[in-house]
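*Asks:* Residue numbers (UniProt numbering), protein chains in the order written: chain A, 1 to 162; chain B, 1 to 162. The beta carbon of each residue, even a glycine, is placed where N, CA and C say it ideally should be. No experiment lies behind these values; they were computed from the predicted model shown.
(1) Whose C-alpha, out of 21(A), 155(A), 18(A), 142(A), is nearest the C-alpha of residue 85(A)?
(2) Mapping DSSP to helix, strand and coil, what is residue 31(A)?
(3) Is the region 11-30 of chain A in contact with the region 128-147 of chain A, if contact means three or more CB pairs nearer than 8 Å?
(4) Buried or exposed for residue 80(A), going by 16 or more other Cβ atoms inside 10 Å?
(5) Using only CA atoms, which one of 34(A), 44(A), 14(A), 88(A) lies nearest to residue 60(A)?
(6) Given a threshold of 16 other Cβ atoms within 10 Å of its Cβ, counted over all protein chains shown, does residue 97(A) qualify as buried or as exposed?
(7) Return the bridge partner residues of residue 40(A) from the DSSP annotation.
(8) For chain B, find out if any of its Cβ atoms is closer than 9 Å to the Cβ of residue 114(A); answer yes or no.
(9) So, helix, strand or coil for residue 110(B), using DSSP?
(10) Taking 8 Å as the cut-off, does the region 4-14 of chain B touch the region 143-154 of chain B (at least 3 CB pairs, one atom from each stretch)?
(11) Comparing the C-beta of residue 27(A) with each C-beta of chain B, is any distance below 9 Å?
(12) Spatial neighbours of residue 82(A) within its chain, please: C-beta separation below 6 Å, excluding the five flanking residues on both sides.
(13) So with Cβ pairs under 9 Å, would you call residue 118(A) a contact of chain B?
(14) Relative to the C-alpha of residue 95(A), which residue among 48(A), 13(A), 53(A) is closest?
(15) Can you tell me the Cα-Cα spacing of residue 20(A) and residue 76(A), whole angstroms?
(16) Using the beta-carbon of each residue, which ones in chain B are nearer than 7 Å to residue 49(A)?
(17) Hey, does residue 94(A) have any beta-carbon neighbour from chain B nearer than 9 Å?
(18) Within the same chain, show all residues whose beta-carbon is closer than 8 Å to that of residue 122(A), passing over the 5 residues directly before and after it, in chain order.
(19) Which residues in chain B have a C-beta closer than 8 Å to the C-beta of residue 110(A)? List them in chain order.
(20) How far does the alpha helix (DSSP H) with residue 168(B) in it reach, from first residue to last?
(21) Between which two residues does the alpha helix (DSSP H) holding residue 136(B) run?
(22) Considering only residues of the same chain and omitting the five flanking positions on each side of residue 117(B), which have a CB-CB separation below 7 Å?
(23) Assuming residue 92(A) and residue 13(A) are in contact, meaning their beta carbons sit under 8 Å apart, how far apart are those beta carbons, in whole angstroms?
(24) With 16 as the cutoff for other CB atoms within 10 Å, does residue 153(A) come out buried or exposed?
(25) Using a beta-carbon distance below 9 Å, is residue 161(B) in contact with chain A?
(26) Please name the residue, chosen from 2(A), 135(A), 46(A), 119(A), that lies closest to residue 36(A) on a Cα-to-Cα basis.
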């Protein structure tokens, strides 16, 4: 593959790596506590299976991206890597969507279900979650663009076949 | 494109259509009510933005799949449809993940955040959500397989390039 085809993907992978590592660290270090009715209430990412899933997926994406950056680029693996990239994009997409749904309940609550918002009590925790979501979203967008670039490189995506 | 290449994708699109339509209908008709402390508590999908997003995405997927089934298959659009299929797979994936995260809180609650489970009070509603999630998951898997088949048809995915 020519250099002009490889450079955009390399830049996108570096962006994805930075974003996924940031998302993992920011979410894993999210912590805040508050006293509600004399009861100590501690908020951390391990309190929710969704946030744990988010950390796991972003850690996997970080590791996967790092490995690919150091792998010698061989055309023979291009199809296999394309499928792995697709799976990674779906996993990142899934982790952000799940986290966003829980974050929305944390911020606004759900009066119908009787779930109260918690961001008023633990604002630092919510700020971390928000930051992690932005970084995770950047990683997912980078992977979507990597997919488009790879498809374009492998089969000239933006020209019509006859 | 030869018939042997088109048939698996056609079957998968029919499966995706059935699953997405079922997911939309089952979620949209989810309804249950209960009396909690003499207060009437009504559960329906419009109570949560996540469930509304799920219905919207599955309705869009149904419409899109239906249109594609009736479109004459032209090779010239194959690349464009591949990108649309990718976006559809990501949207379905996102809607299921978000819905699963909220469903998990509905079923088990979250003691740290003080969110109580609601499935004990409105079991019929939870059964509907569970059914919609299974159907939505089937639609997303069908779209993942459609993507793999399309990639294979367009560039022989499972043979290594040299």
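*Replies:* Concretely, from the data shown:
(1) Counting from 1 along the first chain, the entry for residue 85(A) is found at position 85. Considering only alpha carbons, the answer is 142(A).
(2) For the purposes of this step, residue 31(A) is taken as the residue at position 31 of the first chain. Residue 31(A): strand per DSSP, three-state reduction.
(3) yes
(4) The sequence position of residue 80(A) within the first chain is 80, counting from 1. So residue 80(A) counts as exposed.
(5) Along the first chain, one-based indexing puts residue 60(A) at 60. For residue 60(A), the nearest C-alpha among the options comes from 88(A).
(6) As a position in the first chain, residue 97(A) is number 97, starting the count at 1. Counting Cβ neighbours within 10 Å, residue 97(A) comes out buried, since at least 16 surround it.
(7) For the purposes of this step, residue 40(A) is taken as the residue at position 40 of the first chain. 35(A).
(8) In the first chain, counting from the first residue as 1, residue 114(A) sits at position 114. Yes, residue 114(A) lies at the interface with chain B (some Cβ there is under 9 Å from its Cβ).
(9) Taking the second chain and counting its residues from 1, one reaches residue 110(B) at position 110. Reduced to three states, the DSSP call for residue 110(B) is strand.
(10) yes
(11) For the purposes of this step, residue 27(A) is taken as the residue at position 27 of the first chain. Cβ-Cβ to chain B under 9 Å: no for residue 27(A).
(12) Here residue 82(A) refers to the residue found at position 82 of the first chain. Closer than 6 Å at Cβ, skipping near neighbours: 150.
(13) Within the first chain, residue 118(A) is the residue found at index 118, counting from 1. Judged by the 9 Å Cβ criterion, residue 118(A) is in contact with chain B.
(14) Within the first chain, the letter at position 95 stands for residue 95(A). Among 48(A), 13(A), 53(A), the Cα nearest to that of residue 95(A) is on 53(A).
(15) Within the first chain, numbered from 1, the residue matching residue 20(A) stands at position 20. Within the first chain, numbered from 1, the residue matching residue 76(A) stands at position 76. When rounded, the distance between both Cα atoms is 27 Å.
(16) Counting from one through the first chain, the residue named residue 49(A) turns up at place 49. Per Cβ cutoff of 7 Å: 104.
(17) Here the question's residue 94(A) lines up with position 94 in the first chain. By this cut-off, residue 94(A) is an interface position.
(18) Translated into the one-based positions of the first chain, residue 122(A) becomes position 122. Here the set comprises 32, 33, 34, 41, 43.
(19) Along the first chain, one-based indexing puts residue 110(A) at 110. Residues of chain B passing the Cβ test: 47, 48.
(20) Given a span of 1 to 162 for chain B in the structure shown, any question on residue 168(B) remains unanswerable.
(21) Numbered from 1 along the second chain, position 136 holds the residue referred to as residue 136(B). 123-155 is the extent of the alpha helix (DSSP H) around residue 136(B).
(22) What you label residue 117(B) is simply residue 117 of the second chain in a count that begins at 1. 106, 107, 108, 109, listed in sequence order.
(23) The residue given as residue 92(A) occupies position 92 in the first chain. The residue given as residue 13(A) occupies position 13 in the first chain. With 8 Å as the limit, residue 92(A) and residue 13(A) do not qualify as a contact, their Cβ atoms being about 13 Å apart.
(24) In the first chain, the residue the question calls residue 153(A) occupies position 153. Burial call: buried.
(25) Stepping through the second chain from its first residue, residue 161(B) is reached at position 161. Low confidence applies to residue 161(B): its pLDDT is 48, below 50, so where it sits in the model is not reliable enough to give any reading.
(26) The residue labelled residue 36(A) in the question sits at position 36 within the first chain. Residue 119(A) is the option with its Cα nearest to residue 36(A).
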